[in-house]
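In the working numbering, the protein residues as written are 59 to 977.
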């Protein structure tokens with residue numbers, strides 16, 4: 059998919075990072091082009107964050123609010139003060155662009171183009187930008203660089219004009235003998251007086267006031283105020299009109315004023331929120347707010363109102379945006395927020411202090427401060443001004459002559475209601491368009507407070523990135539984990555999961571969860587291995603590792619194919635014997651073998667894998683006592699210099715020495731090995747060593763018939779290799795600390811099965827038997843025995859679990875509760891890395907990304923540790939299916955803690971209980 063972002067400032071960066079993060083999580087391929095008037099790092103509005111920004115121009119918000127995917131602005135706490143220079147913010151953005159390019163997801167790219175864009179042309183299925191077609195376009199142009207109201211377009215005869223105030227080079231012509239008349243007395247005015255060299259500055263405004271100094275609660279006051287701010291935020295979300303909103307804020311501010319020991323009454327606070335608190339002395343007010351913010355005098359009602367408004371601002375944004383403004387009074391609400399912007403979002407203390415120093419020194423004079431409505435030429439004449447400086451920025455909303463203004467003029471975009479805001483949907487898409495979106499200052503009026511560095515107050519960018527990345531997916535409507543890991547498909551389970559009533563009936567009859575098993579695919583897997591051995595000239599027998607799944611239908615299948623079963627406990631052995639599996643087609647490989655288990659095996663002619671010499675001696679003693687002959691295969695531990703060390707078995711020399719003399723009560727019928735991992739080369743090496751032991755045993759008078767190399771026959775769970783590679787990239791990027799965590803509590807998932815691997819089963823066995831291994835077995839007249847579990851059960855089982863609830867964790871993380879516990883889909887590895895399937899029984903809802911949690915009363919009771927995306931929502935009563943889980947995941951760790959019954963095992967298509975549950 060081709061995507062364009064127009065604008066490379068803070069919002070353009072945010073959008074690029076969010077889009078690439080979603081692409082990583084969804085396995086989408088995106089080619090992103092970023093258009094901007096200037097190259098990085100000067101990509102933001104002139105003078106905002108570039109390398110040429112004067113050091114004295116600082117952020118107007120604490121550095122803590124600025125965070126990109128690279129991390130916080132001042133992660134190492136190296137920048138002095140809470141309000142560092144804006145140039146540092148620009149450096150952080152530049153580093154963030156570079157980090158984005160270094161951590162691109164697979165099949166994604168970012169290209170920067172330094173070109174001005176003043177119009178775009180939507181067409182069917184896309185948008186043209188400078189003659190190139192893109193599937194999706196986002197406008198993130200920020201502050202307009204020019205606007206019709208700028209003094210740059212005003213004829214001020216005989217006066218030098220510094221307009222606009224940004225970049226700073228526009229002010230370089232101002233000299234030390236100049237008298238400067240400055241339109242505006244807000245934040246840009248402070249930047250002007252910090253940089254320009256005029257002898258004296260005369261600000262003019264419509265309000266006649268400076269902005270209030272920023273103040274913050276800390277320590278005990280912050281702790282005590284928190285519940286009041288929280289209650290006010292919740293009340294704001296429910297408030298009916300502007301009067302109720304003001305009352306909520308007045309109450310909150312009154313509590314804050316009492317907590318900090320401030321001076322003033324609720325009526326004084328009420329006057330602040332009504333904009334009726336002006337004393338007529340702008341300088342005295344600025345001095346009072348500075349002194350109070352620094353604790354040099356008691357807090358004023360203005361500061362209490364400031365903190366109450368700013369700390370509940372997130373709730374107000376949610377309440378007022380996308381139509382909420384109208385129920386709060388429309389234009390009256392707009393006037394209220396303008397009033398409070400002066401109160402809540404003013405300069406940091408160091409900037410206010412500098413301004414007061416200049417006022418005290420006579421370099422800033424307030425003689426004209428309240429005369430902003432009058433003719434600037436006449437005002438300049440009154441004070442002998444030689445230069446007029448414009449410290450008023452372009453207004454928010456649709457600005458004539460800009461890209462957005464041109465689109466509205468052409469009818470591509472629309473204004474919202476009676477505002478000047480560009481009308482967009484919650485994901486930024488222009489109303490009336492499908493593939494063109496906008497986010498930022500142009501939406502002010504529809505969206506409150508959208509012009510901010512803080513990313514946690516709005517979700518327009520995230521919604522846009524979610525929509526665009528979803529449309530870039532091959533299967534946007536499929537339920538998937540982050541990132542997608544689509545499982546292989548099997549006909550029987552596909553048919554079952556396509557039948558919601560059948561799934562529901564199974565859960566209604568047998569409870570949730572229910573393990574649905576089908577032995578059909580097992581036969582093909584057995585045949586594949588036997589045939590691969592035959593092609594290599596080696597007789598091959600398959601012994602199903604019963605520990606992989608306790609359902610007896612699989613032992614029956616192994617029996618009926620003429621193969622055998624590997625058992626690891628007394629119960630497993632008794633059950634397969636009762637299912638008429640002959641003893642000579644059973645191998646007992648249990649790690650711990652009590653005498654009772656050994657005796658049962660000896661009595662029934664079961665081959666016993668003797669793990670160590672002492673165990674062999676116990677077997678011999680039991681056989682001698684009972685007068686039977688035990689069938690034994692000593693377990694060989696291969697040379698640790700050739701492969702990882704193992705706890706199972708003993709070394710070749712130890713066995714050869716111990717078995718120098720045959721025993722009349724023990725028949726050594728083969729050699730056994732239990733290996734970790736899946737590498738064919740390790741199996742080949744182990745077979746070579748096993749053949750050395752075979753030769754030693756034969757020379758000693760034993761008559762071994764086979765070598766058994768245990769399990770570890772590889773399979774793959776996934777339908778697409780590329781998705782496995784994408785997952786590896788995504789989890790590595792998360793572990794590196796760059797990617798947004800898509801696992802529960804950022805779990806690194808360092809121990810997981812290789813869900814895609816090559817070769818598997820038959821091809822793998824062919825490699826094991828290559829390079830003379832097959833010939834060596836044939837020459838010695840040996841069979842090859844294998845003990846696969848997982849690999850034989852490929853495609854043989856599905857877990858069905860009913861959705862119990864959909865909610866959020868206390869911090870807002872979405873959760874979907876299932877009627878099962880985490881041990882019912884768990885092995886010794888960290889997670890099950892295939893996507894679940896949703897069997898819906900309710901109408902479609904809103905998209906949701908959530909973690910699946912289970913029934914045990916512990917915080918980390920998580921079924922799957924990747925977040926799961928439900929494109930059409932999920933609801934209680936729906937069914938989540940975990941496919942291809944028969945191999946180990948159903949039973950190896952299942953627990954009945956809390957006295958919750960274990961899952962029933964149902965054989966499909968008969969829909970009857972497996973005999974393991976009928977006893």
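Glycine included, every Cβ here is placed at the ideal spot set by N, Cα and C.
Checklist line | When 606, 562 and 645 are compared against residue 599, the one with the closest alpha-carbon | finding: 645
Note to self: Could you tell me the alpha carbon to alpha carbon distance between residue 186 and residue 173, rounded to whole angstroms?
What the structure shows: 14 Å
Next item on the list: Give the range of the beta strand (DSSP E) segment to which residue 371 is assigned.
Entry: It is not in any beta strand (DSSP E) - residue 371 instead sits in the alpha helix (DSSP H) that spans 371-378.
Next item on the list: Note down, in chain order, each residue of its chain lying with its Cβ closer than 8 Å to the Cβ of residue 191, except the 5 sequence neighbours on either side.
Entry: 60, 181, 184 and 185
Notebook entry, point to check: If you compare alpha carbons, which of 233, 244 and 245 is closest to residue 258?
Noted result: 233
Checklist line | Straight-line Cα distance separating residue 240 from residue 397 | finding: 21 Å
Item checked: Member of 607, 449 and 417 whose CA lies at the smallest distance from the CA of residue 973 -> 607
Note to self: Can you look up residue 962 in the DSSP assignment and give me helix, strand or coil?
What the structure shows: Assigned with DSSP and collapsed to three states, residue 962 falls in strand.
Notebook entry, point to check: Do the segment 682-701 and the segment 729-736 touch if we need at least three Cβ pairs shorter than 8 Å?
Noted result: Contact between the segment 682-701 and the segment 729-736 is present: 3 or more CB-CB pairs across the two stretches fall below 8 Å.
Checklist line | Rounded separation between residue 377 and residue 108 - CA only | finding: 35 Å
Notebook entry, point to check: Is residue 324 closer than 7 Å to residue 312 when the C-beta atoms are compared?
Noted result: yes
Item checked: Exposure label - residue 469; buried when at least 16 CB within 10 Å -> exposed
Next item on the list: Would you list the one or two residues that DSSP bridges to residue 260?
Entry: 239
Next item on the list: Scan the segment 753-810 and note each continuous beta strand (DSSP E) run of 3 residues or more that stays entirely inside, going in chain order.
Entry: 764-766
Notebook entry, point to check: For the alpha helix (DSSP H) that residue 252 lies in, which residues bound it at each end?
Noted result: 245-253
Notebook entry, point to check: Given that a residue counts as buried once 16 or more other Cβ atoms are within 10 Å of its Cβ, and exposed if not, what is residue 565?
Noted result: buried
Notebook entry, point to check: Are the Cβ atoms of residue 347 and residue 265 separated by less than 7 Å?
Noted result: no
Note to self: Suppose the cutoff is 8 Å on Cβ atoms and the five residues either side in sequence are ignored; what does the same chain contact list for residue 437 look like?
What the structure shows: 239, 260, 262, 426, 429 and 443
Margin query: Suppose you measure from the CA of residue 963 to the CA of residue 486; what does that come to, to the nearest Å?
Written below: 49 Å
Check: With DSSP run on the structure shown, which of helix, strand or coil describes residue 517?
Finding: Three-state DSSP puts residue 517 in coil, outside helix and strand.
Margin query: Does the structure place the segment 490-509 close enough to the segment 460-474 that three or more beta carbon pairs sit under 8 Å?
Written below: These segments touch.
Notebook entry, point to check: Under a three-way DSSP split, which group does residue 740 fall into?
Noted result: Correct three-state label for residue 740: helix.
Margin query: Let me check understanding here. Comparing Cα to Cα, which of 115, 614, 387 and 798 lies closest to residue 75?
Written below: 798
Check: Does the segment 156-171 come close enough to the segment 132-148 to have 3 or more Cβ pairs within less than 8 Å?
Finding: no
Check: Using the rule of at least 16 other Cβ atoms within 10 Å of the residue's Cβ for burial, across every protein chain shown, is residue 915 buried or exposed?
Finding: Taking a 10 Å sphere around the C-beta of residue 915, we find fewer than 16 other C-beta atoms and assign the residue as exposed.
Note to self: One question on the structure: do residue 688 and residue 724 come within less than 7 Å of each other, judged by their Cβ atoms?
What the structure shows: yes
Margin query: I need the straight-line Cα distance from residue 678 to residue 843, nearest angstrom please.
Written below: In a straight line, the C-alpha of residue 678 is about 23 Å away from that of residue 843.
Margin query: Going by DSSP in three states, residue 197 sits in which element: helix, strand or coil?
Written below: strand
Note to self: Can you look up residue 939 in the DSSP assignment and give me helix, strand or coil?
What the structure shows: strand
Margin query: Does residue 287 pass the burial test, meaning 16 or more other C-beta atoms within 10 Å, or should it be called exposed?
Written below: buried
Next item on the list: Evaluate residue 651 with the Cβ neighbour count: other Cβ atoms within 10 Å of its Cβ, from every protein chain shown; 16 or more gives buried, anything less gives exposed.
Entry: buried
Next item on the list: Quick one: residues in its chain with C-beta nearer than 6 Å to the C-beta of residue 738, no 5 flanking neighbours on either side, listed in chain order?
Entry: The answer, listed in chain order, is 822, 825 and 826.
Notebook entry, point to check: Going straight from the alpha carbon of residue 648 to that of residue 773, what length do you get?
Noted result: 23 Å
Note to self: On the DSSP letters alone, give me the boundaries of the beta strand (DSSP E) that residue 674 sits inside.
What the structure shows: Where residue 674 is concerned, there is no enclosing beta strand (DSSP E), although the alpha helix (DSSP H) around it starts and stops at 671-684.
Notebook entry, point to check: If you draw a straight line from the C-alpha of residue 504 to the C-alpha of residue 551, how long is it?
Noted result: 49 Å
Next item on the list: Pick helix, strand or coil for residue 483, following the three-state DSSP scheme.
Entry: coil
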